[in-house]
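Numbered per our numbering, the sequence shown spans residues 2 to 87. Step one of this worksheet: look at the structure below.
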Amino acid sequence: MTLVVLAVAAALLATGLAHLLLISTPSPQSYFGWIVGLLTVAAVVAPFVSTGTLPVKLAQAVIPPRDRIGDRWAGQQTQPRRPVGR
2 MTLVVLAVAA ALLATGLAHL LLISTPSPQS YFGWIVGLLT VAAVVAPFVS TGTLPVKLAQ
62 AVIPPRDRIG DRWAGQQTQP RRPVGR
């Protein structure tokens, strides 16, 4: 239950941040990409700060970049493509 609440809170914060960047910065997608990238790095490093065995820490550290790569791949697949030669 706690992870669900954290996921909902993160989604709402990301939406609010995206909206704030859209109305206040010249290239909001670039800023948002950098912020999400830095948060992904923080999520990878965070398990190594806590207590636990090394295999558990490694497993927890692999999940954020895997999800981030999956999100980027899915986003590239949904963007329209221009015909070649025009």
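Virtual Cβ for every residue (Gly too), placed ideally from N, Cα, C.
- What separation, rounded to the nearest whole angstrom, lies between the Cα atoms of A60 and V42? On the sequence shown, residue 60 is found 59 positions in, with the first residue counted as 1. On the sequence shown, residue 42 is found 41 positions in, with the first residue counted as 1. Cα to Cα, the separation comes out at about 15 Å.
- Query: Out of curiosity, what's the CA-to-CA distance linking L23 and G53?
  - Reply: Along the sequence shown, read from residue 1 onward, the residue named residue 23 stands at position 22. Along the sequence shown, read from residue 1 onward, the residue named residue 53 stands at position 52. So the two alpha carbons sit approximately 40 Å from each other.
- Task: Could you check how far apart the C-beta atoms of F33 and A19 are, in whole angstroms? I think they sit under 8 Å.
- Result: One-based indexing of the sequence shown puts residue 33 at position 32. One-based indexing of the sequence shown puts residue 19 at position 18. About 6 Å; that satisfies the 8 Å criterion.
- Cutoff 6 Å; reference A62; Cβ partners in own chain excluding five residues on either side: Locating residue 62 in the sequence shown gives position 61, counting from the first residue. Around A62: V45, P48.
- Are the CB atoms of A15 and V37 nearer to each other than 9 Å? As a first step, residue 15 is located in the sequence shown; it is residue number 14 there, counting from the start. As a first step, residue 37 is located in the sequence shown; it is residue number 36 there, counting from the start. Yes; because the gap between Cβ atoms is below 9 Å, this pair is in contact.
- Task: Using three-state DSSP, classify G53 as helix, strand or coil.
- Result: Position 52 of the sequence shown, counted from the start, is the residue given in the question as residue 53. Residue state, collapsed to three classes: coil.
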